[in-house]
Amino acid sequence: MRNHFMSILIILIIGTLPLACSGQDHSNQRAESYFINADGDTLRYVIKSEDEWAKSLSDQGFYVMRKQGTERAFTGEYWDNKEKGVYLCAACELPLFDAKTKFKSGTGWPSFYQPLDAKHVEEEADNTLGMVRAEVHCRRCGAHLGHIFTDGPQPTGLRYCLNSVSLDFVGKE
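Letter by letter, the sequence shown follows residues 172 to 344 in our numbering.
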């Protein structure tokens, strides 16, 4: 009986060894492949290796969106944009914020009081630099967008303070 058990154990170990040694980086993969937004649309996550992101983004975009960097205030393309339209994730083109919710915060970064769809963004605690704040990410690709503060205007009282390099803009006529 013991020999039978050992034989089964060896077969299981040998059978799963190729999976464990496949050399694939699974650290950036999510348990699920899809999520559903507020409209009931099923959206697929965008999953790439860090090397793939480095090739598809500008140096500044990679630094901000993949390494949680911050662009300098008053230097980004959209901090003072007043056009009507929608702001998309620069990495995966997921619609994130409507220009109607953008406001002048005086910070030098584009600021919004609410996302277009709350299910399109994710929050994560960020206690770096001696501050307690929330980091905001694109839900589809995980790109770092900026931070959320509780000093925004009504109706939410929130300020989504974002890096322009994390955004693309599509204007409305």
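Ideal Cβ placement from N, Cα and C applies to all residues, glycine included. Remember, it's a predicted structure, so these values are computed and weren't measured experimentally.
### Query
In three-state DSSP terms, what is Val257?
Val257 carries a strand assignment under DSSP once its states are collapsed to helix, strand and coil.
#### Entry: Secondary structure of Thr272, DSSP reduced to three states
Thr272 falls in the helix class under three-state DSSP.
### Message
Let's test the definition: count the other Cβ atoms within 10 Å of the Cβ of Leu265 and tell me whether it reaches 16, buried, or not, exposed.
### Response
Around the beta carbon of Leu265, a 10 Å sphere encloses 16 or more other beta carbons of the protein chains shown; the residue is thus reported as buried.
#### Entry: Glu306 versus Gln239, Phe206, Asp251 and Ile218, residue with shortest Cα-Cα distance
Out of Gln239, Phe206, Asp251 and Ile218, Gln239 has the C-alpha closest to the C-alpha of Glu306.
### Option in Asn334, Thr213 and Thr299 with minimal Cα separation from Glu242
Nearest Cα to Glu242 within the set Asn334, Thr213 and Thr299: Asn334.
### Query
When you compare only the Cα positions, how much space is there between Leu228 and Gly247?
Distance between the alpha carbons of Leu228 and Gly247: 16 Å.
### Query
Quick check: the region 209-216 against the region 295-302, are there 3 or more CB pairs under 8 Å?
The region 295-302 and the region 209-216 do not touch, with fewer than three beta-carbon pairs separated by less than 8 Å.
### Sequence-distant residues of its chain with Cβ nearer than 8 Å to Trp224 (five each side left out)
Hits under 8 Å: Phe233, Met236, Arg237 and Ala262.
### Query
Which partner residues of Phe320 appear in the DSSP bridge assignment?
Answer is Arg330.
### Query
Around the Cβ of Ile319, are there at least 16 other Cβ atoms within 10 angstroms (buried) or fewer (exposed)?
Counting Cβ neighbours within 10 Å, Ile319 comes out buried, since at least 16 surround it.
### Message
Can you look up Phe283 in the DSSP assignment and give me helix, strand or coil?
### Response
DSSP, reduced to helix, strand and coil, places Phe283 within a strand of the structure shown.
### Query
Thinking just about the alpha-carbon of each residue, which of Leu259, Ser220, Tyr249 and Glu254 is nearest to the one in Arg310?
That would be Leu259, whose Cα lies nearest to the Cα of Arg310.
### Task
Report yes if the C-beta distance between Leu329 and Val292 is below 8 Å; otherwise report no.
No. Outside cutoff.
### Query
When the Cα atoms are used, what is the spatial distance from Gly194 to Pro281?
Since pLDDT at Gly194 reaches only 41, below the 50 mark, its modelled position is unreliable, and the value read off the structure follows with that caveat. Taking the straight line from one Cα to the other gives about 40 Å.
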